[in-house]
Amino acid sequence: MSRILFAAKTQLDGSTHEQTITCRQISTIPVQSFAVFPPIVSSHHMYETAAGAHAGVQPLSSRHQSQSYPGTDQLLNSANDQLSIDSSAALKRVSIPRYAGYKKHCASWKAAFCSCVDQVKAAPQYKLLRLRECLQGEALRVIENLGHSTTAYEAARSRLERKYGGEGRALTLRLEELEAFKQLREGSKKDLEKFAELLDALVVNLIDAKQEGELRNGSLYITLHRKFNKNLLAKCKQWICDNRKSEDVNVLREFIRRE
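Per numbering that gives the first Met the number 0: the sequence shown = residues 0 to 258.
Below is the structure:
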């Protein structure tokens, strides 16, 4: 009986010794390999407590948390570079309307292009190619002789801005639209909606151009009053009086929105 017990103990010690060796071999595997071979981690976790306690081996999981492996920073930098490449590739998939040079469409087109292309991290040459794809007609002819260099993109943007864009030009267009706007017809919801949209755009353009002073009771306020029909003007004045509002452009804007 004692011989049988001795043989069993010897076999158990040998098995534990083999597990300890295997544990130490696994602990030398680089951390990057665990993403490729996750079963190794789970299998090791099942017996690391028993084998590690017997042989004095520190658990693999705790050592991975405390050690800093060489090459990790390089891997993170490579991942960030790949994200930049993916962002550049994504620019092609975004649908941007083609701009032909109509000044009233410039602001909306510019907002779309800046958000989807200009503000994204990518090479200037690639942005210039996307800019050419988003232009047609007169607007495309404005930049066609600039070439394809790195500086050509900034030159193209500046040239388009001078000819079509800029807060001052947008404000001038809104004021011209206001002058051409006919007096609001009695009971016309359509007229009110168009006038409200024009007034919203006008206020935004004034703020962008840093001309908030024009929103006070001045020439613009008088011009807006002239677009009201008699009944609407009387109703507006009564509303201002009842609510103790000041007479300025923003108050007229609030009144039109309520209508």
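Where is the CB? At the ideal position from N, CA and C, for every residue including glycine. These numbers come from a predicted model, not from an experiment.
Fill in: K226 versus I142, V203 and K193, residue with shortest Cα-Cα distance
K193
Item to complete: Indicate whether C113 and A169 have their beta-carbon atoms separated by less than 9 Å.
Response: no
Discussion item. Can you give me the C-alpha to C-alpha distance between R161 and V250, rounded to a whole angstrom?
Written reply: So the alpha carbons of these two residues sit roughly 34 Å apart.
Discussion item. Does the stretch 95-110 come into contact with the stretch 122-139, if we say contact requires no fewer than three beta-carbon pairs (one atom in each stretch) closer than 8 Å?
Written reply: yes
Discussion item. Can you tell me which residues form a DSSP beta bridge with I134?
Written reply: According to the sequence as given, residue 134 is Leu; it is not Ile. In the DSSP output, where bridge partners are listed per residue, L134 has Y98.
Fill in: Own chain residues within Cβ distance below 7 Å of W238, not counting five before or after
F254
Discussion item. With a threshold of 7 Å on Cβ separation, who are the neighbours of A151 within its own chain once the five nearest residues in sequence on each side are excluded?
Written reply: L127 and L145
Worksheet item: Rounded to a whole number of angstroms, what is the C-alpha to C-alpha distance between N242 and R215?
Response: Their backbone Cα atoms lie some 18 Å apart in a straight line.
Fill in: From R252, L197, S94 and Q118, residue whose alpha carbon lies closest to that of T171
Of the candidates R252, L197, S94 and Q118, L197 places its Cα closest to the Cα of T171.
Item to complete: Could you pull the start and end residues of the alpha helix (DSSP H) that K257 belongs to?
Response: Going by the sequence as given, residue 257 is Arg instead of Lys. V248 to R257 is the span of the alpha helix (DSSP H), which, as asked, contains R257.
Practice prompt. Starting from the C-beta of E176, find all residues in its chain whose C-beta is less than 7 Å away, skip the five residues before and the five after it, and write them out in chain order.
Written response: L197
Worksheet item: If you drop the 5 nearest sequence neighbours on each side, which residues of the same chain put their C-beta closer than 6 Å to that of R173?
Response: If we look at R173 and ignore the five residues flanking it on each side, its Cβ neighbours are A200, L201 and N204.
Practice prompt. Classify R156 as buried or exposed, calling it buried when 16 or more other Cβ atoms lie within 10 Å of its own Cβ.
Written response: Its Cβ being crowded by 16 or more others within 10 Å, R156 is buried.
Worksheet item: At what residues does the alpha helix (DSSP H) containing E196 begin and finish?
Response: K188 to D207
Worksheet entry | Endpoints, the alpha helix (DSSP H) within which K234 is located | First-last of the alpha helix (DSSP H) with K234: K229 to D241.
Item to complete: Using three-state DSSP, classify H104 as helix, strand or coil.
Response: helix
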